[in-house]
Each structure stands twice: as C-alpha cells, then as structure tokens.
Amino acid sequence: MKLKLWIFITFGITLCLGVGLMASLATQTSVNTWYQTLEKPFFTPPSWIFAPVWSFLYILMGIALGRVIFFINHNKLDRISLYYFGGQLLFNGLWSFIFFGLRNPILGLLVIIFLLFLIQRTIKWFRIIDVLSAQILYAYFIWVIFASLLNAGIVLLNEI
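Using the numbering used here, you'd call the opening residue of the sequence shown number 49 and step up by one each time.
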C-alpha cells in the first residue's frame, strides 16, 4: 500500500515539475530582456528566488496530487477534484506563456486571477478526499496571491 502511494506521489511530482519546466522555457524568452525593462513594485523579490520557490511549490503540488489519487474513491464527485487540479495546473503554465512568452501582463493578470479561483476550488475538493493534501496547497495559494499582486503592480506601474 505504501509503495502505491509513493508511485502516485512520484507521478504527481513528475507531472507538476514537467509543467514547471515548460513554464520556465516560456519565462526564459523574456526574463533577462523585456522583464528587466519593466518597472516593478517595491516588494518584488530578487529574481533568483523564483526558481527555488516554484520548484518547491511544484513538488508540494505533486505530493498533494499523488495523495489525492491514492485516496480517491473514483466516483464522479471525487473526480471533480482532479479536474480542478488539472485546470489550475494548465492555467499555471499558461500564465508564464502569456506573461513572459507573449509579454502581455494585462492578459496575464486575468489568467492569474482565474488561476486563484481554480486553486481555491482545488483546495476545497481536495479537502473532501484528504485534508493534508488540501493543507499542502495553501503555500502555493499564498504564493500565487503574492504573484498576482506583483502582476497587478507591473500593469499599474508600466501603463500597459
């Protein structure tokens, strides 16, 4: 039983880190060029902090996903949690492509606001299946709130 749990967690971590890798490819197209020219809010952390924080968060997301897959009852209602998780993971990667790849902070802000909604719904549905999985996602939720504020600050400061 524990082996099966670890297999699901490994799958979850691999999936989430894979999305993170794809998002980082979109980010790399602009992070050292266009992004450097933007005015940023005073509370913007140094650039080097983003990669380790996101790596850690993707690992936490993968652990939460693996646990939910392990504990899920495979009924229609429980599967809703996986749909929300998949949606938030898709919008997570989409934000990097839009903000950095397309260099569009306004559309990025719309995407990240919807991402917050999807994360909140994921937490709600994960809580029904496994409370610890829901709790694990709070760090991610808080970081995306912070990222939303950064995104909004960039929009406001750059008159985009």
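We put the CB at the ideal spot given by N, CA and C, even for glycine.
Exercise for the section: Just mark Leu69 as buried or exposed, buried being the case when its beta carbon has 16 or more other beta carbons within 10 Å. Expected result: Exposed, by the Cβ-count rule.
Problem - Residue from Ile120, Lys50, Ile193, Gln84 whose Cα sits closest to the Cα of Leu166 - result: When each option's Cα is compared against that of Leu166, the closest is Ile193.
Practice task
Could you have a look at Thr77 and say whether DSSP puts it in helix, strand or coil?
Solution key: DSSP places Thr77 in coil when its eight states are reduced to three.
Practice task
Compare the beta carbon distance of Leu138 and Cys64 with 8 Å and say whether it is the shorter of the two.
Solution key: Going by beta carbons, Leu138 and Cys64 fall outside the 8 Å limit.
Exercise for the section: Please state whether DSSP places Phe118 in a helix, a strand or coil. Expected result: The answer is helix: DSSP assigns Phe118 an H, G or I state.
Handout entry: Reduced DSSP category for Asn123 - H, G, I as helix; E, B as strand; rest coil
Key = Here Asn123 sits in coil by DSSP.
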